[in-house]
Amino acid sequence: MFPEFAVIPAVDMQDGQVVQLVGGERGTGKRYGEPVAAARRWIEAGATTLHLVDLDGAFEGERANADAIDAVLDAVDTDVQLGGGIRTAEDAIDLLDRGVDRVILGTAAVENPDIVAEISEEHPESVLVSLDAKDGEVVVSGWTEGTGLDPAEAASRYAELGAGGILFTDVDVEGQLEGVRTEPVRRVVDAVEIPVIASGGVATVEDVRALRDAGAAAVVVGSALYEGAFTLEEAMAAVE
Numbered sequence: 001m002f003p004e005f006a007v008i009p010a011v012d013m014q015d016g017q018v019v020q021l022v023g024g025e026r027g028t029g030k031r032y033g034e035p036v037a038a039a040r041r042w043i044e045a046g047a048t049t050l051h052l053v054d055l056d057g058a059f060e061g062e063r064a065n066a067d068a069i070d071a072v073l074d075a076v077d078t079d080v081q082l083g084g085g086i087r088t089a090e091d092a093i094d095l096l097d098r099g100v101d102r103v104i105l106g107t108a109a110v111e112n113p114d115i116v117a118e119i120s121e122e123h124p125e126s127v128l129v130s131l132d133a134k135d136g137e138v139v140v141s142g143w144t145e146g147t148g149l150d151p152a153e154a155a156s157r158y159a160e161l162g163a164g165g166i167l168f169t170d171v172d173v174e175g176q177l178e179g180v181r182t183e184p185v186r187r188v189v190d191a192v193e194i195p196v197i198a199s200g201g202v203a204t205v206e207d208v209r210a211l212r213d214a215g216a217a218a219v220v221v222g223s224a225l226y227e228g229a230f231t232l233e234e235a236m237a238a239v240e
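Per my numbering, the sequence shown starts with residue 1, numbered consecutively.
Following this line, the structure appears as structure tokens:
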């Protein structure tokens, strides 16, 4: 999936615009313009993968930014992973058939773990299970509901079901530009043999290096790039 450590720009969408939330809370978002422009910007800067999220879909349980996402898919020719509001195997398989490289499942995978195996049977290594942790517990429904699941234990379970990778987000530091916590990431990495993509809290290129050194196969970066804390080129050069 990632032969080399990858720095993946986030293109999170709300009401058809690029938005970055703080701690995953609605109403905290800062807007950064039109999704296609953002996607093209990151591709021109050297991104080899884009991380697309339908934030409205994540909160409401059904995809709400389909037009914006389709526009991005039509505009770029690169590796794309997509999450937010994907609740059924049929929806996931349709997106994969249309050219999305990986679907990200959070709530759907928690509520119905077998969905991971169902999708993976038709599209091997195409499912990223999103394990978003708040206070050490996996949370779902746009980070609003606790599940009682331990992230490392859950990661191991989904790996057995055929997940191609784990997207681990540390919600406690997400969007705050105050730095990462490597220990939660390392616990998940140590629990599985499949790639772990880390997200949450990246503020400096040193944070990017720290997540790589913790064993992550890639890192998703949002606010730090949009706020100009460092450039994508600087982040990629830091982990060469």
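Cβ atoms here follow ideal geometry from the backbone N, Cα and C, with glycine treated the same way. What you are looking at is a predicted structure, and each value in this text was computed from that prediction instead of being measured.
- Spatial neighbours of ALA238 in its own chain (CB-CB distance under 7 Å, excluding positions within 5 residues in sequence) are listed in chain order as VAL205, VAL208, ARG209.
- DSSP places ARG102 in the uninterrupted beta strand (DSSP E) bounded by 102-105.
- Assignment of beta strand (DSSP E) within the stretch 96-171, counting only whole runs of 3 or more residues, yields 102-105, 127-134, 137-140, 165-170 in chain order.
- Under the DSSP assignment, ASP79 falls in the beta strand (DSSP E) whose first and last residues are 79-83.
- Spanning the alpha carbons of LEU128 and ILE166 requires a straight line of approximately 5 Å.
- For GLU137 against LEU149, the beta-carbon gap comes to about 7 Å, under 8 Å, which counts as contact.
- In the structure shown, MET236 adopts helical secondary structure according to DSSP, grouped into three states.
- Within the same chain, Cβ atoms closer than 7 Å to the Cβ of ALA75 are found at VAL36, ALA39, ARG40, the five residues on either side in sequence being excluded.
- The DSSP-derived three-state label of ILE8 is strand.
- The C-alpha of GLU118 lies about 31 Å from the C-alpha of ALA214.
- Along the length of the stretch 173-214, whole beta strand (DSSP E) runs at least 3 residues long occupy 196-199, reported in chain order.
- As the crow flies, the alpha-carbon of ILE86 is around 7 Å from that of LEU105.
- Between ASP79 and the set VAL72, THR49, LEU73, ALA66, the nearest pair of CA atoms involves THR49.
- DSSP places ASP54 within a strand segment (E or B) once states are collapsed to three.
- With 16 or more other Cβ atoms from the protein chains shown falling within 10 Å of its own Cβ, PRO195 counts as buried.
- For VAL36, the enclosing alpha helix (DSSP H) begins and ends at 35-44.
- One thing to note: GLN14 has its Cβ no nearer than 8 Å to the Cβ of TYR32.
- The alpha-carbon of ALA45 is positioned some 13 Å away from that of TYR226.
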